[in-house]
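Working notes, beginning with the structure itself.
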Amino acid sequence: MTRCPIFAALVSLFTPFFTQAEEKWIDLFDGKTTDGWTPRAEVITFEAKN
Numbered sequence: 877m878t879r880c881p882i883f884a885a886l887v888s889l890f891t892p893f894f895t896q897a898e899e900k901w902i903d904l905f906d907g908k909t910t911d912g913w914t915p916r917a918e919v920i921t922f923e924a925k926n
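One rule links them: number in this note's numbering = place in the sequence shown (from 1) + 876.
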């Protein structure tokens, strides 16, 4: 009976190490412009606001 909770604890501890990929974050917004963004609808202009 005590093996099940111990096994579950070990699995929950080590799962993030196996599922995490070595990927870097991709910045979606530079905070200043809308470079690289495309509108989904027909838009004449659009701008980035803070």
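Ideal Cβ placement from N, Cα and C applies to all residues, glycine included.
Alpha-carbon spacing of residue i relative to residue j, whole angstroms
i      : j      : result
Cys880 : Ser888 : 12 Å
Thr910 : Ile920 : 14 Å
Arg916 : Phe905 : 17 Å
Trp913 : Ile882 : 48 Å
Ala924 : Trp901 : 21 Å
Gly907 : Phe922 : 14 Å
Asn926 : Phe890 : 40 Å
For residue i, three-class secondary structure by DSSP
i      : result
Val887 : helix
Arg916 : coil
Ile882 : helix
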